[in-house]
Amino acid sequence: DVKVTQSSRYLVKRTGEKVFLECVQDMDHENMFWYRQDPGLGLRLIYFSYDVKMKEKGDIPEGYSVSREKKERFSLILESASTNQTSMYLCASSLWTGGFNQPQHFGDGTRLSIL
Amino acid sequence: AQTVTQSQPEMSVQEAETVTLSCTYDTSESNYYLFWYKQPPSRQMILVIRQEAYKQQNATENRFSVNFQKAAKSFSLKISDSQLGDTAMYFCAFRTGNNRKLIWGLGTSLAVNP
Chain A
1 DVKVTQSSRY
11 LVKRTGEKVF
21 LECVQDMDHE
31 NMFWYRQDPG
41 LGLRLIYFSY
51 DVKMKEKGDI
61 PEGYSVSREK
71 KERFSLILES
81 ASTNQTSMYL
91 CASSLWTGGF
101 NQPQHFGDGT
111 RLSIL
Chain B
1001 AQTVTQSQPE
1011 MSVQEAETVT
1021 LSCTYDTSES
1031 NYYLFWYKQP
1041 PSRQMILVIR
1051 QEAYKQQNAT
1061 ENRFSVNFQK
1071 AAKSFSLKIS
1081 DSQLGDTAMY
1091 FCAFRTGNNR
1101 KLIWGLGTSL
1111 AVNP
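So the protein lines, in turn, are chains A and B.
For the first sequence, position 9 (counting from the first letter as 1) is numbered 9 according to my numbering, and the numbering increases by one without interruption.
For the second sequence, position 62 (counting from the first letter as 1) is numbered 1062 according to my numbering, and the numbering increases by one without interruption.
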């Protein structure tokens, strides 16, 4: 089974801090994604990556950056955390070479609170 | 623009009964892939079922089945013999052709009552 591991289940940070959310997958997937999930707004894509050092902006990239130095690891960075970034963050990965019907596999999520 | 609409924000069903969650989508592409995901309370999002648009036969996974109406751009999920463990948020999503991103609906919160 695919395993997507997010480094923290719960995280509390202060306004203005630089925050790192880490995600690791163990199935050699090409694609990795960062979403934020808010009540009533569903899943919104922040960034995704299709290869090492390659990234593309999603629907809400403002205030975030990402890093993918190794294929298995995809990091989300909040450069200067603000209270409106309090949310649930979900990481996902998917296989690209296996066909277009490949699903995304998700981590457990990180509930981030910015005080 | 490509969109997914889940018209039922909340639903409830009695244990052992059947429930259908609706999903409609909009795309001008002919080649696409449809997915239903389940997110139980405080638990991981998991794939429930998937369907390729070029396949006419509706996908089935145990108690879960879909009613795929391509002309109507409808992809509903039927859950038979509902169980308490089916209580979750259900998301409909699709991806077109060689697009790596999924387009998501806002979800339907399903409560299965004893």
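No residue lacks a Cβ here, since even glycine has one placed at the ideal position from N, Cα and C.
{"Asked": "Considering Cα atoms alone, identify which of Ser87(A), Thr86(A), Leu95(A), Lys53(A) is closest to Ser75(A).", "Found": "Lys53(A)"}
{"Asked": "Below 8 Å on C-beta distance, what does Tyr50(A) contact in chain B?", "Found": "Arg1100"}
{"Asked": "Shortest alpha-carbon distance to Pro1041(B) belongs to which of Ser1109(B), Val1066(B), Cys1092(B)?", "Found": "Ser1109(B)"}
{"Asked": "In the DSSP assignment, what residue or residues form a beta bridge with Trp1036(B)?", "Found": "Ile1049(B), Cys1092(B)"}
{"Asked": "Cα-Cα, which of Leu78(A), Lys71(A), Val12(A) is closest to Asp28(A)?", "Found": "Lys71(A)"}
{"Asked": "Can you say whether Ser80(A) is buried or exposed, counting buried as having 16 or more other CB atoms within 10 angstroms of its CB?", "Found": "exposed"}
{"Asked": "Establish whether the CB of Phe106(A) and some CB of chain B are separated by less than 9 Å.", "Found": "yes"}
{"Asked": "If you draw a straight line from the C-alpha of Ser49(A) to the C-alpha of Glu62(A), how long is it?", "Found": "16 Å"}
{"Asked": "So what does DSSP say about Leu1084(B), is it helix, strand or coil?", "Found": "helix"}
{"Asked": "Could you list which residues in chain B have their beta carbon closer than 8 Å to that of Trp34(A), in chain order?", "Found": "Going along chain B, no residue has its Cβ under 8 Å from Trp34(A), so there is no contact; the nearest lies around 12 Å."}
{"Asked": "Check the Cβ of Tyr1033(B) against every Cβ in chain A and list those closer than 8 Å, keeping chain order.", "Found": "Phe100, Asn101"}
{"Asked": "So Leu90(A) contacts chain B; which residues on that side make the cut at Cβ distance below 8 Å?", "Found": "Met1045"}
{"Asked": "Check whether chain A comes within 9 Å of Leu1106(B), counting only Cβ atoms and requiring the distance to be less than that.", "Found": "yes"}
{"Asked": "Express the C-alpha separation of Gln104(A) and Thr1027(B) in angstroms, rounding to a whole number.", "Found": "20 Å"}
{"Asked": "So, with DSSP's three-state summary, where would you put Asn84(A)?", "Found": "helix"}
{"Asked": "Measuring CA to CA, which of Ser1065(B), Leu1047(B), Ile1103(B) is closest to Ser1082(B)?", "Found": "Ser1065(B)"}
{"Asked": "Nearest chain A C-beta to Phe1075(B) closer than 9 Å, yes or no?", "Found": "no"}
{"Asked": "Would you mind working out which of Phe100(A), Lys13(A), Thr5(A), Trp96(A) sits nearest Asp51(A), comparing C-alpha positions?", "Found": "Trp96(A)"}
{"Asked": "Report all residues from its chain with a CB closer than 8 Å to the CB of Gln102(A); omit the five preceding and five following residues, and keep chain order.", "Found": "Ser94, Leu95, Trp96"}
{"Asked": "Applying the criterion that 16 or more other CB atoms from any shown protein chain within 10 Å of the CB defines a buried residue, is Asp38(A) buried or exposed?", "Found": "exposed"}
{"Asked": "Mind pulling the chain A residues with CB within less than 7 Å of Glu1052(B)?", "Found": "Asn101"}
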